[in-house]
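Protein chains in written order, with my numbering: chain A, 2 to 223; chain B, 2 to 223.
Every residue gets a Cβ at the ideal spot worked out from N, C-alpha and C, and that includes glycine.
Below is one structure, written out as structure tokens, with a few remarks after it.
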DNA sequence: CATCTCCATACAGATTTCTGTATGAGCGAA
DNA sequence: TTCGCTCATACAGAAATCTGTATGGAGATG
């Protein structure tokens with residue numbers, strides 16, 4: 002089993018809970034914790050330089066801002082930074098996030114080894130995830146594998162995301178067109194934008210723009 | 002100090018973290034925990050019938066749904082139910098919620114004794130809160146008292162909330178007017194609705210309806 | 001090559017949004 | 001009582017949204 006693990010989680014109580022589980026249920030002897038990404042990165046770097054590396058990083062995704070100014074502000078950035086030093090470190094993300102596309106992105110783009118949803122069964126899931134990852138597996142959360150959700154099927158490309166983003170910021174279609182032209186993004190005819198937004202209405206069963214924005218906000222896509 | 006405490010929190014890791022703090026830092030001997038509101042209520046009721054009552058309830062606000070069907074589904078309902086049996090029980094809410102108006106509502110309408118924000122300083126805050134409540138104080142979260150936020154100053158009445166709700170569901174102003182008339186809610190002139198929505202634009206510095214919806218969704222008002 | 005389909009755009013019209021002005025009712029203060 | 005204020009409504013016009021149709025090009029298929 003792993004012997005040296007770093008836990009990056011800004012939320013103190015959860016931090017303590019994770020350590021308790023790793024310690025009491027799995028029997029990992031050396032667990033360090035960090036409430037800030039920067040601090041986690043420094044701890045990691047120091048261990049690496051001392052040739053006493055961590056074997057596993059367990060990290061949250063979002064870290065609240067406070068008075069301490071941080072250069073690394075998200076779990077994703079932390080993972081990238083840590084992996085840039087030690088490419089083979091195992092990474093488990095432990096987060097509230099439960100959108101399948103977001104979680105899949107973590108596996109595909111960041112090559113994380115495991116994911117655990119904060120929730121009712123987090124203890125069991127965390128134990129199974131750590132064991133699985135130790136055995137070299139990639140451990141997806143059970144909520145996800147059991148749930149091939151319909152909402153999942155909607156594939157949004159970059160243009161869709163830009164449109165949603167701009168609309169949610171109050172941009173009018175004309176302004177969006179200008180912006181797309183400025184950014185040299187190709188389909189930028191005003192009526193094509195209309196068509197795409199109409200398609201989004203269909204996809205999300207929205208009646209109009211405010212409704213659409215409400216839906217994607219609820220889904221956490223923005 | 003309190004000797005018998007009930008912790009209602011569906012999120013397992015946090016559950017363990019709270020218990021650890023109550024036990025190790027404050028030295029409370031008897032701590033029971035519950036991942037479901039119904040279960041928490043039953044534990045509470047049993048203790049009350051056995052004349053071995055809990056002195057303090059620490060509860061989250063939101064509980065995720067799962068296969069177990071619950072009659073009590075929110076921390077707020079749990080508090081009301083528990084208070085209906087034992088009016089003088091002390092209650093501390095421990096939640097992610099950080100909107101001042103929502104938290105103030107808890108103090109005003111539910112008469113909770115303390116509130117702790119999940120976050121970086123939750124351990125210290127929880128300890129201070131429990132001690133303060135034990136001494137008979139009402140303990141507001143420091144984030145709130147130090148932060149007389151601007152967003153706080155916006156007072157939304159029932160009509161505002163209905164308008165936001167309807168708009169977010171894609172209703173047009175005409176439909177909203179009809180709905181208001183049906184519900185026999187008094188100011189229901191179409192142009193007055195326009196005015197109120199325009200006022201919301203000003204309040205939230207929104208450029209148009211989609212923008213407004215995005216803002217209030219981000220603020221968690223809907 | 002002819003055809004079919006999809007993508008990108010243009011245009012047009014009906015509807016809705018947003019903003020401004022006007023009007024009266026109610027209410028407190030001078 | 002009369003002034004000033006806010007609330008509630010009506011109306012009106014410019015701008016934006018939403019929807020449908022039309023056109024041309026690119027790529028696939030037979």
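- Flagged as an interface residue toward chain B: residue 209 of chain A, by a C-beta distance shorter than 8 Å.
- Residue range 159-169 is occupied by the alpha helix (DSSP H) that includes residue 166 of chain A.
- Close to chain B, meaning a Cβ-Cβ distance shorter than 9 Å, are the following residues of the stretch 166-179 of chain A: 168, 169, 170, 171, 172, 173.
- Contact residues of the stretch 5-31 of chain A toward chain B are 11, 12, 13, 14, 15, 16, 17, 18, 19, 21, 22 (C-beta to C-beta distance below 8 Å).
- Residue environment for residue 86 of chain A: exposed (fewer than 16 other C-beta atoms within 10 angstroms of its C-beta).
- Taking 8 Å as the cut-off, the beta carbon of residue 126 of chain A is found closer than this to the beta carbon of residue 142 of chain A.
- Interface criterion not met: the Cβ of residue 141 of chain A is under 8 Å from no Cβ in chain B.
- Excluding five sequence positions before and after residue 59 of chain B, the CB atoms of its chain that fall closer than 6 Å to its own CB belong to 8, 93, 95, given in chain order.
- Within 10 angstroms of the beta-carbon of residue 28 of chain B lie fewer than 16 other beta-carbons, which makes it exposed.
- Residue 42 of chain A sits away from residue 64 of chain A, with the two beta carbons spaced by 8 Å or more.
- The residues 204, in chain order, have a CB closer than 6 Å to that of residue 155 of chain A in the same chain once the five nearest residues on each side in sequence are set aside.
- The Cβ neighbour count for residue 159 of chain B, taken over all protein chains shown within 10 Å, is under 16; the residue is labelled exposed.
- Per DSSP, the continuous beta strand (DSSP E) segment holding residue 8 of chain B begins and ends at 5-9.
- Fully enclosed beta strand (DSSP E) runs of no fewer than 3 residues occupy 91-96, 115-118 of the stretch 72-146 of chain B, in order along the chain.
- Non-local beta-carbon contacts of residue 115 of chain B in its own chain, meaning distances under 6 Å to residues more than five positions away in sequence, involve 93, 130, 134, 140 in chain order.
- For the stretch 44-75 of chain B, the beta-carbon criterion of a distance under 7 Å to any beta-carbon of chain A is satisfied by 65, 67.
- Of the candidates B:104, B:14, B:122, B:202, the residue whose Cα lies closest to the Cα of residue 26 of chain A is B:14.
- By the C-beta density criterion, residue 88 of chain B is exposed, having fewer than 16 other C-beta atoms within 10 angstroms.
- Short of 7 Å from the beta carbon of residue 213 of chain B, and not among the five residues preceding or following it, lie these beta carbons of its own chain, in chain order: 201, 202, 205, 207.
- Distance from the CA of residue 19 of chain A to the CA of residue 128 of chain A, rounded to the nearest whole angstrom, comes to 10 Å.
- Taking C-alpha positions only, residue 170 of chain B is separated from residue 2 of chain A by approximately 51 Å.
- By the rule that beta-carbons nearer than 8 Å mark a contact, residue 120 of chain A touches chain B.
- A residue is called buried when at least 16 other Cβ atoms come within 10 angstroms of its Cβ; residue 47 of chain A does not meet this threshold and is exposed.
- For residue 35 of chain A, the uninterrupted beta strand (DSSP E) segment begins and ends at 31-35.
- Interface residue (Cβ-Cβ distance to chain A less than 8 Å): residue 218 of chain B is classified as such.
- A Cβ-Cβ distance of about 6 Å is found for the pair residue 73 of chain A and residue 82 of chain A, placing them in contact under the 8 Å criterion.
- Leaving aside the five residues that flank residue 111 of chain B on each side, the residues in its chain whose CB is nearer than 6 Å to its CB run, in chain order, 80.
- For residue 60 of chain B, the three-state secondary structure derived from DSSP is strand.
- Interface annotation for the stretch 109-137 of chain B against chain A: 119, 120, 121, 122, 123, 124, criterion Cβ-Cβ distance under 7 Å.
- The continuous stretches of alpha helix (DSSP H) do not include residue 185 of chain A, and DSSP gives it neither H nor E.
- When only Cα atoms are considered, residue 222 of chain B and residue 108 of chain B end up about 18 Å apart.
- Ranked by Cα distance from residue 137 of chain B, the first of B:166, B:113, B:71, B:23 is B:113.
- Nearest C-alpha to residue 194 of chain A among A:183, A:174, A:30: A:174.
- Per the coordinates, the alpha-carbon of residue 40 of chain B lies some 31 Å from the alpha-carbon of residue 104 of chain A.
- Shown here, residue 205 of chain A sits in a helix according to DSSP, grouped into three states.
- Rounded to the nearest whole angstrom, the C-alpha separation of residue 17 of chain A and residue 55 of chain B is 25 Å.
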